[in-house]
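Please read the structure below before turning to the comments.
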Amino acid sequence: GAVVSQHPSWVICKSGTSVKIECRSLDFQATTMFWYRQFPKQSLMLMATSNEGSKATYEQGVEKDKFLINHASLTLSTLTVTSAHPEDSSFYICSARMGGMNTEAFFGQGTRLTVV
Amino acid sequence: AQRVTQPEKLLSVFKGAPVELKCNYSYSGSPELFWYVQYSRQRLQLLLRHISRESIKGFTADLNKGETSFHLKKPFAQEEDSAMYYCAGGKLIFGQGTELSVKP
């Protein structure tokens, strides 16, 4: 099956710094990529949806200036958490799909971000 | 706004018992609905989608537009079915998830 890879799998950063998380579709071209945040023992919360070459669409309540999403190619999307604070510590998951809304989305393994 | 609701946080059954994991949706237009599963220490993976009308690992889900539901069913649960199950719809908005625990 199709593979989506996130890098890094975990990262620790200091408050006030920025951290970038990469999401790559390894063997398919992803027309749409999704970014989620997952709190402990909770479900996935959709942060934003991005289509290659266009600006990401953010969900209500998600700060676009804080969570910068770039989808520069059909195989790569990045999420940059700017000026990170401890409350940004979370598990971030990306997914990607190659077709329309009825097609399967493939998920990355997730990135554990800890801000100290 | 699109919304997907899974009312049960945990469902515990014995091996061989029938299973039904509930999912309700609320949004206008034709719904695109999925069930995703996450086994322990693995990433999320698609279990089935309403448009395919397929049966995967013995699971089926029928879209009921009148009740706005997409419940997941399996007649005889197996221990290896123990996992987190997520219903998702539309632009991949997820329900709260239901943990299925199948006891021997």
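Those sequence lines, one after another, are chains L and U.
Just so you know, we're using the working numbering here: the first sequence kicks off at 1 and counts up by one.
Just so you know, we're using the working numbering here: the second sequence kicks off at 1001 and counts up by one.
C-beta: ideal position from N, C-alpha, C; glycine also.
For clarity, every value in this text was computed on a predicted model and none was experimentally measured.
#1: Let me know the secondary structure DSSP gives glutamate 59 (chain L) once reduced to three states.
#2: Taking one C-beta from the stretch 45-65 of chain L and one from the stretch 97-107 of chain L each time, how about it: are there three or more such pairs within less than 8 Å?
#3: Beta-carbon within less than 7 Å of glutamate 59 (chain L)'s beta-carbon, same chain only, minus the 5 sequence neighbours each way: which residues are those?
#4: Does lysine 1074 (chain U) pass the burial test, meaning 16 or more other C-beta atoms within 10 Å, or should it be called exposed?
#5: Can you find a CB in chain U that lies within less than 8 Å of the CB of phenylalanine 39 (chain L)?
#6: For glutamate 1079 (chain U), which of helix, strand or coil comes out of DSSP?
#7: With DSSP as the reference, label glutamate 1020 (chain U) as helix, strand or coil.
#8: Is the distance from the Cβ of glycine 108 (chain L) to the Cβ of serine 90 (chain L) below 8 Å?
#9: Would you call the CB atoms of valine 1106 (chain U) and alanine 1088 (chain U) closer than 8 Å?
On the basis of the data shown:
#1: coil
#2: no
#3: Leu46, Met47, Ala48
#4: buried
#5: no
#6: helix
#7: strand
#8: no
#9: The structure shown does not extend to residue 1106 (chain U), since chain U is modelled only from 1001 to 1104, so the question has no answer here.
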